[in-house]
Amino acid sequence: MNLQPLDDRVLVEPIEEEEKVGSLVIPDTVKEKPMMGIVKAIGYDYELKEGKPLKDLIKVGDKVLFGKYAGQEFKISGKKHLVIKRDELLAIVK
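Numbered by the numbering used here, the letters in the sequence shown go through residues 32 to 125 in order.
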């Protein structure tokens with residue numbers, strides 16, 4: 032994949048877990064949107080108000096939490112991805 036987000040945006044691949052209730056599989060149309068994902072690419076070295084570059088805070092491969100309706104969703108090679116603004120990211124999961 033050769034995609035570079037602009038400014039303070041981050042490319043995230045959502046983590047989707049298959050849900051089962053007993054032997055039934057819950058269909059995608061009923062599931063909650065995923066709110067966790069893996070960072071795949073980071074925007075340019077955008078200087079934040081605090082004076083720290085974005086790349087000093089978030090690294091490719093980090094697992095992040097984001098709001099339920101954050102970002103713009105699209106597909107790359109058949110997989111769902113989101114481009115999310117940095118201020119819509121809630122936390123880094125360690």
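Just so it is clear, CB atoms sit at the ideal spot from N, CA and C, and this is done for glycine as well.
Start-to-end residues for the beta strand (DSSP E) that takes in residue i
{"i": "Gly74", "result": "Premise fails: Gly74 is in no beta strand (DSSP E) and is neither H nor E."}
{"i": "Gln35", "result": "It is not in any beta strand (DSSP E) - Gln35 carries neither H nor E in the DSSP assignment."}
{"i": "Ile107", "result": "103 to 107"}
Sequence-distant residues of the same chain with beta carbon closer than 7 Å to residue i, five excluded per side
{"i": "Gln35", "result": "Ala72"}
Through-space distance from residue j to residue i, alpha-carbon basis
{"i": "Asp87", "j": "Tyr75", "result": "12 Å"}
{"i": "Ile46", "j": "Met67", "result": "6 Å"}
{"i": "Lys110", "j": "Lys99", "result": "18 Å"}
{"i": "Ile107", "j": "Asp39", "result": "20 Å"}
{"i": "Asp93", "j": "Leu120", "result": "12 Å"}
{"i": "Leu37", "j": "Lys125", "result": "25 Å"}
Chain-order list of residues whose beta-carbon lies under 6 Å from that of residue i (same chain, five-residue window excluded)
{"i": "Ile115", "result": "Val41, Val43, Phe97, Ala101, Gly102"}
{"i": "Val91", "result": "Val70"}
Cβ-based neighbour list, residue i, same chain, cut-off 8 Å, excluding 5 preceding and 5 following
{"i": "Ala122", "result": "Val95, Leu96"}
{"i": "His112", "result": "Leu42, Val43, Glu44, Pro45, Lys71, Glu104, Phe105, Lys106"}
{"i": "Ile89", "result": "Val41, Val70, Ile73, Val95, Arg117, Leu120, Ile123"}
According to DSSP, residues forming a beta bridge with residue i
{"i": "Ala122", "result": "Leu96"}
{"i": "Val41", "result": "Ile73, Ile115"}
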